[in-house]
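**Q**
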Amino acid sequence: MDSFIDNVNFFEGNNPEKIALEYGTPLYVYNEKILRNRMYNVTQVITKYPYTANYSVKANTNIHILKLALEEGLNCDAMSIGEIQLLFKAGFSAERIFFVPNNVAPFELIFAIKHKIMTSLDSLSQLELFGECCNKLKLAYEKRTCAVRINPGVGAGHCEKVITGGKNTKFGIAEQDVPQIFEIANKYHLTIAGINQHIGSLFMQPEPYLEAVTNILRIAMLFKNLKFIDFGGGYGIPYHKLANEKDFPMEDFKKKLEPLLDEFVSKYGSVPLFKSEPGRYCVAEGGIILGRVHTIKQNADIKYAGTDIGMNVLVRPSMYDSWHDIEIIRNGKIVDRDNLMEQTVVGNICESGDILAKMRQLPQIQQDDLVCVLDAGAYGWSMSSTYNSRPRAAEILITKNGKIKVIRRRETIKDLMKLF
Ligand SMILES: Cc1ncc(COP(=O)(O)O)c(C=O)c1O
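Quick note on numbering: the sequence shown equals residues 1493 to 1912 in the working numbering.
This is the structure:
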């Protein structure tokens, strides 16, 4: 693919140079049409049985993007009280939120119980703590419902740091510990209404996920009257799209998933609500970052382009060695990729690891060019920081009719000072 930006008309006719001048850089830019399209796709993963797609909001918690998810009919997963509060503010009701925390304090569980938010406990000790919180609140037995997160024994993902199933992970309750779930549930009069899993993030082949679905459905047979079974998220997106990497094979995946559900439903005796928890798939491709090139230099044999997109703006490349395709914009137009040369694109943070793209084949970059980082809508702004005391970037949304809406103003130094 020559240019993703041009192919999908990402800026909907707006001139990216004008956008950068008006709103400043670094700047997160989202395309409403793409976001809505991907969000809609995940609502169609299961059509034969009752199903909800829970958007995993950690990928992008901008309230205006949460509102799009609400309009597209998604429910949501939250990891913290902060995420729950953002969801309330975006208009989600408690029934549409699933709290899937990890190692939380009693006050967080009490918050969820008081707000009637279904909560999944991810270890036996957290289940015990949940029971104690119910006792402390003197909650009627019939209101003591919760879910448990199962480790299905399978993991998958783009790097070790994001694999959340299998042997080497802190997440979930192992299959052999299921009898203890029932002991704790009995002790505190808890009803286990659902089970969930999440094997990891960014797999491009459906097989590990399908294996985990098979495993959790086998484990589900041990539980009576489950109201829901949540298979987790992790569907990948093609980060190497300029090299024509293919999309996650959603249609093939759906075809292979359905018989597993048929078999389970025929044996289980009732039809639970099935759920999934995609984050990245919903928002990654609908977001890019625009940054400005301020320096061109050569150190030893390496040609550097120094930009304002540091690891504070996008941490994925430094944290996971992640690849993000880059397009270069000059005078408002994408520079074509006919003549490429090896360059290293870096940020403005005082760290040698502050590298956005290492020894990458790119058109020759010039000072004042714009760098456009693709697939930055997931785990971009939500993982950004103020490291080196740099205020966080602004976010704009290009609406479906091409209008520009500022959906988060740029943070200021005054904002940073407020905390002292
Ligand atoms: C429990 C849980 N569910 C869902 C997700 C979403 O994963 P992805 O964005 O890869 O779909 C994550 C990501 O870390 C997660 O931890």
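We put the beta carbon where it would ideally sit given N, CA and C, even for glycine.
The model shown is predicted, which means the values in this text are computed figures rather than measured ones.
#1: Please give the ranges of any alpha helix (DSSP H) in the segment 1728 to 1771, keeping only runs that are unbroken, at least 4 residues long and fully inside the region.
#2: Provide the residue(s) that pair with residue 1543 in DSSP beta bridges, ordered along the chain.
#3: For residue 1556, which of helix, strand or coil comes out of DSSP?
#4: What separation, rounded to the nearest whole angstrom, lies between the Cα atoms of residue 1638 and residue 1681?
#5: Can you tell me whether residue 1720 is helix, strand or coil according to DSSP?
#6: Expressed to the nearest angstrom, what Euclidean distance is found between the alpha-carbon atoms of residue 1493 and residue 1524?
#7: Does the distance from the CB of residue 1562 to the CB of residue 1549 come in under 8 Å?
#8: With a cut-off of 8 Å, do at least 3 Cβ pairs link the segment 1758 to 1769 to the segment 1703 to 1721?
#9: Taking all protein chains shown into account, do 16 or more other C-beta atoms lie within 10 angstroms of the C-beta of residue 1912, making it buried, or fewer, making it exposed?
#10: Near residue 1845, what residues of its chain come up, given a Cβ to Cβ distance below 6 Å and the 5 sequence neighbours on each side ignored?
#11: Helix, strand or coil: how does DSSP classify residue 1530 here?
#12: Could you please give the first and the last residue of the uninterrupted alpha helix (DSSP H) stretch that includes residue 1508?
#13: Evaluate contact between the segment 1796 to 1815 and the segment 1842 to 1861, counting only Cβ atoms and requiring at least three cross-stretch pairs below 8 Å.
#14: Using three-state DSSP, classify residue 1668 as helix, strand or coil.
#15: Would you say the beta carbon of residue 1867 comes nearer than 7 Å to a heavy atom of ligand 1?
#16: Report back the beta-carbon spacing between residue 1777 and residue 1894 to the nearest angstrom; my notes put them in contact at under 8 Å.
#17: Quick check: what's the CA-CA separation for residue 1738 versus residue 1633?
#18: My understanding is that residue 1693 touches residue 1722, with C-beta atoms under 8 Å, so please give their C-beta distance in whole angstroms.
#19: In the DSSP assignment, what residue or residues form a beta bridge with residue 1891?
#20: Is residue 1727 near ligand 1, going by C-beta to nearest heavy atom under 7 Å?
#21: Which stretch, first to last residue, makes up the alpha helix (DSSP H) that contains residue 1808?
#22: Going along the chain, which residues of its own chain have a beta-carbon closer than 8 Å to the beta-carbon of residue 1883, five neighbours each way excluded?
#23: Can you list, in chain order, the residues of its chain whose CB lies under 8 Å from that of residue 1831, leaving out five sequence neighbours each side?
#24: DSSP state of residue 1586, grouped into three classes?
#25: Grab me the residues of residue 1623's own chain with a C-beta within less than 7 Å of its C-beta, minus the 5 sequence neighbours each way, in chain order.
#26: Relative to the C-alpha of residue 1586, which residue among 1597, 1595 and 1608 is closest?
**A** Let me lay it out:
#1: 1742 to 1760
#2: Locating residue 1543 in the sequence shown gives position 51, where the first residue counts as 1. In the DSSP output, where bridge partners are listed per residue, residue 1543 has 1766.
#3: The residue given as residue 1556 occupies position 64 in the sequence shown. It is helical.
#4: The residue given as residue 1638 occupies position 146 in the sequence shown. The residue given as residue 1681 occupies position 189 in the sequence shown. C-alpha separation (whole angstroms): 11 Å.
#5: Here residue 1720 refers to the residue found at position 228 when the sequence shown is read from its first residue. Residue 1720: strand per DSSP, three-state reduction.
#6: Translated into positions along the sequence shown, residue 1493 becomes position 1. Translated into positions along the sequence shown, residue 1524 becomes position 32. About 22 Å.
#7: Here residue 1562 corresponds to residue number 70 of the sequence shown, with the count starting at 1. Here residue 1549 corresponds to residue number 57 of the sequence shown, with the count starting at 1. No, the Cβ-Cβ distance between residue 1562 and residue 1549 is not below 8 Å.
#8: yes
#9: In the sequence shown, counting from the first residue as 1, residue 1912 sits at position 420. Exposed, because fewer than 16 other Cβ atoms sit within 10 Å of the Cβ of residue 1912.
#10: Against the sequence shown, residue 1845 aligns to sequence position 353. Contacts found: 1810.
#11: Stepping through the sequence shown from its first residue, residue 1530 is reached at position 38. Three-state DSSP puts residue 1530 in a helix.
#12: Position 16 of the sequence shown, counting from 1, holds the residue named residue 1508. Residue 1508 -> alpha helix (DSSP H) spans 1508 to 1515.
#13: yes
#14: Here the question's residue 1668 lines up with position 176 in the sequence shown. Reduced to three states, the DSSP call for residue 1668 is helix.
#15: One-based indexing of the sequence shown puts residue 1867 at position 375. Checking every heavy atom of ligand 1 against the Cβ of residue 1867, none is found closer than 7 Å.
#16: Along the sequence shown, read from residue 1 onward, the residue named residue 1777 stands at position 285. Along the sequence shown, read from residue 1 onward, the residue named residue 1894 stands at position 402. Rounded, the Cβ-Cβ distance is 18 Å, inconsistent with contact.
#17: Counting from 1 along the sequence shown, the entry for residue 1738 is found at position 246. Counting from 1 along the sequence shown, the entry for residue 1633 is found at position 141. Those two C-alpha atoms are separated by around 50 Å.
#18: Looking up residue 1693 in the sequence shown gives position 201. Looking up residue 1722 in the sequence shown gives position 230. Not quite, the Cβ-Cβ distance comes to about 15 Å (not below 8 Å), so this is no contact.
#19: Reading the sequence shown from its first residue, position 399 is the one you call residue 1891. DSSP lists no partner for residue 1891.
#20: The residue you call residue 1727 lines up with position 235 of the sequence shown. For ligand 1, at least one heavy atom lies less than 7 Å from the Cβ of residue 1727.
#21: Walking along the sequence shown from the start, residue 1808 turns up at place 316. 1808 to 1812 is the extent of the alpha helix (DSSP H) around residue 1808.
#22: Here residue 1883 is taken as the residue at index 391 of the sequence shown, counted from 1. Taken in chain order, the residues that qualify are 1902, 1903, 1904, 1905, 1907 and 1908.
#23: One-based indexing of the sequence shown puts residue 1831 at position 339. The answer, listed in chain order, is 1855 and 1856.
#24: Here residue 1586 corresponds to residue number 94 of the sequence shown, with the count starting at 1. DSSP places residue 1586 in helix when its eight states are reduced to three.
#25: Translated into the one-based positions of the sequence shown, residue 1623 becomes position 131. Once the five neighbours on either side are set aside, the close Cβ partners of residue 1623 are 1676, 1679, 1680 and 1682.
#26: Here residue 1586 is taken as the residue at index 94 of the sequence shown, counted from 1. Checking every option, the nearest Cα to that of residue 1586 belongs to 1608.
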